[in-house]
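Visitor: For the sequence shown, the tail end lands on 685 under my numbering, and the numbers increase by one without skipping.
Heads up, the beta-carbon is just placed ideally off N, CA and C, and yes, glycines get one too.
Before I ask anything, here is the structure I am working with.
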Amino acid sequence: MLEHGAITCRFTVDRGVTHELVRHRIASYSQESTRYCNYGNEQFGGAITVAKPTFWSDPEDKDFLDEWADAMEDANRHYQKLLALGAKPQQARSVLPQSTKAEIVVTMNPREWRHYFRMRCSTAAHPDIRTVSLQLLEEMHEKYPVIFDDLYLEFLTPKAENAA
């Protein structure tokens, strides 16, 4: 009975990925709040932290990645300036980019994790959520092979990689 189990995982991803994660309804979530986190404080290193996109990892993508990095620096500059002007973190967060790093803890029953992997390991999934989902599927398969064998074979075997 897969519905009566619970598996909890912690993700460190960008805010965009968390928006996709919380679309899965049969789950519980605890997510880092940009409303209460003051990224200007030393606790956060005095700056926002961003997650580099996985889809611009090829050397040919340097121009895209450079432009993205400039945008992240601009966002941080504007965020810090708003704080310096007296804005509260919950107000200054309006300029945070979707690439802002976020931590989220997710609990699902095994049946919902299976559904999650079918959706998020697919080549149709966003590249960033697909990357972390494939890594997680590999780990889940190691811990719970009986539950995830078929999905492992579908998404992580050489045959599946060649078809993707």
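1. Based on the DSSP secondary-structure assignment, which residues constitute the bridge partners of R531?
2. Quick check on this structure: which residue in L677, N630, V653 and Y637 has the alpha carbon closest to the alpha carbon of L523?
3. Within the chosen definition, does the stretch 613-632 reach the stretch 530-541 through at least 3 CB pairs nearer than 8 angstroms?
4. Check each candidate in K602, A527 and K573 and name the one with the smallest Cα separation from N559.
5. Under the three-state reduction of DSSP, which class applies to S507: helix, strand or coil?
6. Is T529 closer than 9 angstroms to V627 when the C-beta atoms are compared?
7. Quick check on the DSSP output: the beta strand (DSSP E) that includes Y550 runs from which residue to which?
8. For L655 versus F676, is the C-beta spacing smaller than 9 angstroms?
9. I'd like to know if the stretch 559-576 and the stretch 606-621 are in contact, where contact means that at least 3 CB-CB pairs between them fall below 8 angstroms.
10. Could you check if P574 is buried or exposed, using at least 16 other CB atoms within 10 Å of its CB as the buried criterion?
Guide: With the given structure in hand:
1. Stepping through the sequence shown from its first residue, residue 531 is reached at position 10. Bridge partners of R531: V626.
2. Here residue 523 is taken as the residue at index 2 of the sequence shown, counted from 1. When only C-alpha atoms are compared, the closest one is N630.
3. yes
4. Within the sequence shown, residue 559 is the residue found at index 38, counting from 1. When only C-alpha atoms are compared, the closest one is K602.
5. In the structure displayed, the chain extends from 522 to 685; residue 507 sits before or after that span and is not available.
6. Counting from 1 along the sequence shown, the entry for residue 627 is found at position 106. Counting from 1 along the sequence shown, the entry for residue 529 is found at position 8. For V627 and T529, yes; Cβs fall inside 9 angstroms.
7. By one-based count along the sequence shown, residue 550 stands at place 29. Here the beta strand (DSSP E) through Y550 covers A548 to Q552.
8. Translated into positions along the sequence shown, residue 655 becomes position 134. Translated into positions along the sequence shown, residue 676 becomes position 155. Cβ distance < 9 angstroms, so L655 and F676 count as in contact.
9. yes
10. Residue numbering aside, residue 574 sits at position 53 when the sequence shown is read from its first letter. It counts as buried.
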